[in-house]
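J.: Residue numbers (the numbering used here), protein chains in the order written: chain A, 1 to 583; chain B, 1001 to 1171.
Before we start, here is the structure in question, set down as structure tokens.
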Ligand SMILES: Cc1ncc(C[n+]2csc(CCOP(=O)(O)OP(=O)(O)O)c2C)c(N)n1
Ligand SMILES: [Mg+2]
């Protein structure tokens, strides 16, 4: 019997079905018409039309980060493909599984500067984990299945598949996902048990230990976060998280010291500085976390668990390096800890030190003026949502750091933020992806007027799919984070960081069929937040905040953890210890 | 120059990769994108039945950078194996050069004499030129080329280094 042949477009849909994909984010064009025609003919796969291809990738990232499943993107050739570059780079930096399929001009025209031709594989090579141009329809199914495998195995990341129009239209053989095996790519997931035992021994002897966890724990699935919690409770160690890791350990747990790094808490950064044993799980010693490298945790023996061998000893030399999946290694560590009856040395005096640092209340701020403080807004929001299962996305800037500081994430997969690339314009489209994945959930975007306007067109997507996303604009009229650096390090020369001329955000929201709200005074904040949360559709809430407010604590670029700048507002902070510099 | 520069080492790394479009661009892009050095690079298919190519790269960097280079190479999807010949034991390193010398009279005779000492072969000759083929390690080739310079050297083509471990073990 002859094997039944399918068209490239049919193969594409069949692959998505066999991979369990139920939604793609995309934007059509000339060379993908046959794919879109196939999508039109069926009802199983949902297509979400964004208003820009960059937004389609961020939406797929939001979908992926909030579900743990890969996000899928479909775009056309040339400008469609080049528009995805920022999104792909973002997904690469934050290790987010995304499969992006781009149309390409027919193979016979490749290299001829054909209409809407771009060297998509060349352009995206360094912003994807892997990419591929399919030239033969008989390879299409395999390459697409491989794309899913690569995106989701080992350290996750974006994979681009470039599909020429003639391949989409040709007929070829389908192979299922079970037939796919990539000989050259077999990442290690199980940690070396000997090394795990050595790590546990080291941890048992520690007097001032700390666990520092990151996005790798979230990528390893909710079970990994559960293991992290078990390890913290078994050992009694304090735990801090990176921006990418927030939610991997419950914020309300008394062992949690808050986020660390450039805008981390006083207690987290000082505990990192003074620790004698550091366990890093699924974090990569990013420069925003370590500060000056030779001043980073100078007394600590360091253990690093990471699925990506290239993360190990890249920035910081460690004493024990364990390559493996964060969840598997944590599980083995908990077992090893329990079976060796390892007992943490009395950590009382360490906790006493930590409690002393906590008593500084580094996140307190002055709140008696006429202007609204962003911290106050987020505290009020936190109070309103604390008993609900909320998904939060952010953009990039001061509002992002305040969100990390003042919103408490109890579970993994609840914070979607652009960590590694720091992409302004990420928040709104990411929320689209999150809300599509969780239609019933409360999804809040915390943003500011600058970032929001980088992908503002997505308000139309929000409207089209009736997504009840709540957009909270902390409007300071500035690129707040840029303004803060100019104030602190550039003699208050506010070069090009002030937005002069801005839309009426309430009218703008209404123009898109979305509820618009506005507040300027502190006494209006509570009402606005309640109204926003009570509305069953999308809301854009524009809050004017104190434009001069800065994010503290802060470690200046190139400084060490103990050289933290605390906020100026709290009188109590004036008598700080030797460790602190005042702003 | 920082203190780290004193710690620069040269390593010869052999990489077994799928012979597929873009694989070389991926490897080279990794080096340029992350600011690693390429002193020499060679590539050719070595196992047609399995569609495998072998890339030999001579690179330089601090021990930490060299470790990074290897880990980053391993991470590339079409890469099967990365072997640091410099640390894995003794290995043989060879390069081939084609060297064109133009001249007449005394210089011509002298170039032939030196070629003989270096065991270089004449692979092309005209009344006014020779093309020599010479095989050896990089230092030997450098020396030969330098000696030819005053004798009418006009063109050099070098393959870059190919290297393989001594003994029975294979990549
Ligand atoms: C696409 C992009 N361009 C530029 C930057 C540099 N940048 C970082 S934060 C920031 C200011 C962001 O302003 P806004 O969105 O208003 O947030 P705020 O800091 O005021 O909360 C800028 C310009 C960036 N991160 N991303
Ligand atoms: Mg702003």
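Built from N, CA and C at the ideal position, the CB exists for glycine as well.
Is residue 380/A close to chain B? Criterion is C-beta to C-beta, closer than 8 Å.
T.: Taking Cβ atoms only, chain B never reaches closer than 8 Å to residue 380/A, which makes this a no.
J.: Anything in chain D within Cβ reach of residue 1009/B, meaning under 7 Å, just list it in chain order.
T.: Here the protein chains are A and B, and chain D is not one of them.
J.: Check each candidate in 1055/B, 1105/B and 1061/B and name the one with the smallest Cα separation from residue 1164/B.
T.: Taking only the C-alpha atoms, the option nearest residue 1164/B is 1055/B.
J.: In whole angstroms, what is the alpha-carbon distance linking residue 1111/B and residue 1142/B?
T.: Each residue's alpha carbon lies about 15 Å from the other.
J.: Taking the alpha carbon of residue 348/A as the reference point, which residue from 243/A, 195/A, 235/A and 468/A has its own alpha carbon closest?
T.: Minimum Cα distance to residue 348/A is reached at 235/A.
J.: My understanding is that residue 68/A touches residue 295/A, with C-beta atoms under 8 Å, so please give their C-beta distance in whole angstroms.
T.: That belief does not hold up - the Cβ atoms of residue 68/A and residue 295/A are roughly 36 Å apart, past 8 Å.
J.: If contacts are defined as beta-carbon pairs under 8 Å, then residue 156/A and residue 219/A qualify, I think. What distance do you get, rounded to the angstrom?
T.: Correct: roughly 6 Å between the Cβ atoms.
J.: Using beta carbons (cut-off 8 Å, strictly below), is residue 1148/B in contact with chain A?
T.: Chain A contact via Cβ: absent.
J.: Just to check my reading of the structure: residue 104/A and residue 133/A have Cβ atoms closer than 8 Å, yes? What is that Cβ distance to the nearest angstrom?
T.: With a Cβ gap of about 7 Å, residue 104/A and residue 133/A count as contacting.
J.: Under the rule that 16 or more other beta-carbon atoms within 10 Å means buried, what is residue 1026/B, buried or exposed?
T.: Residue 1026/B is buried by the Cβ-count criterion.
J.: Residues of chain A with CB under 8 Å from residue 1080/B, in chain order?
T.: 183 and 184, listed in chain order.
J.: The stretch 114 to 146 of chain A: which residues have C-beta closer than 9 Å to a C-beta of chain B, in chain order?
T.: So the close ones are 121, 122, 125, 126, 129, 130, 131, 132, 133, 135 and 146.
J.: If you draw a straight line from the alpha carbon of residue 118/A to that of residue 168/A, how long is it in whole angstroms?
T.: Those two C-alpha atoms are separated by around 18 Å.
J.: Is it buried or exposed for residue 3/A, if we count other Cβ within 10 angstroms and need 16 for buried?
T.: Counting Cβ neighbours within 10 Å, residue 3/A comes out exposed, since fewer than 16 surround it.
J.: Can you tell me which of the three DSSP states residue 272/A falls into?
T.: Three-state result, residue 272/A: helix.
J.: Taking buried to mean at least 16 other C-beta atoms within 10 Å of its own C-beta, is residue 1033/B buried or exposed?
T.: Exposed: under 16 other Cβ atoms inside 10 Å.
J.: For residue 1139/B, decide whether its Cβ has a neighbour in chain A, counting only Cβ atoms nearer than 8 Å.
T.: No - not a single Cβ of chain A is within 8 Å of the one on residue 1139/B.
J.: Between the Cα of residue 1016/B and those of 144/A, 14/A, 90/A and 183/A, spot the shortest distance and give me the residue it belongs to.
T.: Per the Cα distances, 183/A.
J.: Please check if any C-beta of chain B sits within less than 8 Å of the C-beta of residue 584/A.
T.: Shown here, chain A extends from 1 to 583; a query on residue 584/A therefore has no answer.
J.: Does the beta carbon of residue 1047/B sit closer than 8 Å to a beta carbon anywhere in chain A?
T.: Not one chain A Cβ lies under 8 Å of residue 1047/B.
J.: Tell me residue 472/A's beta-bridge partners as DSSP assigns them.
T.: Beta-bridge pairing links residue 472/A to 446/A and 541/A.
J.: Would you check whether ligand 1 has a heavy atom nearer than 7 Å to the C-beta of residue 423/A?
T.: Checking the Cβ of residue 423/A against ligand 1 gives yes.
J.: So which residues on chain A does residue 1018/B lean against when the C-beta distance must stay under 9 Å?
T.: The contacting residues are 183 and 184.
J.: Can you check whether the C-beta of residue 4/A is within less than 8 Å of a C-beta belonging to chain B?
T.: Chain B, which has no Cβ nearer than 8 Å to the Cβ of residue 4/A, makes this no.
J.: Using the rule of at least 16 other Cβ atoms within 10 Å of the residue's Cβ for burial, across every protein chain shown, is residue 451/A buried or exposed?
T.: Residue 451/A should be labelled buried.
J.: Pull up the DSSP beta-bridge partners for residue 1157/B, would you.
T.: According to DSSP, which records beta bridges pairwise, residue 1157/B is partnered with 1098/B.
J.: Could I get the ranges of all uninterrupted beta strand (DSSP E) runs contained in the stretch 67 to 92 of chain A, with 3 residues as the minimum, in chain order?
T.: Runs of the beta strand (DSSP E) inside the stretch 67 to 92 of chain A: 71 to 75.
J.: For ligand 1, any of its heavy atoms closer than 7 Å to the Cβ of residue 474/A?
T.: Yes, since a heavy atom of ligand 1 falls inside the 7 Å radius drawn around the Cβ of residue 474/A.
J.: Buried or exposed for residue 1003/B, please, with buried defined as at least 16 other CB atoms from any protein chain shown within 10 angstroms of its CB.
T.: Model confidence at residue 1003/B stands at a pLDDT of 49, short of 50, so the residue's coordinates are unreliable; what they give is reported in the following sentence. Looking at its Cβ environment, which holds fewer than 16 other Cβ atoms inside 10 Å, residue 1003/B is exposed.
J.: Could one say the Cβ of residue 1074/B lies closer than 8 Å to chain A's Cβ atoms, at least one of them?
T.: Judged by the 8 Å Cβ criterion, residue 1074/B is in contact with chain A.
J.: Classify residue 1163/B as helix, strand or coil using the three-state DSSP reduction.
T.: Residue state, collapsed to three classes: strand.
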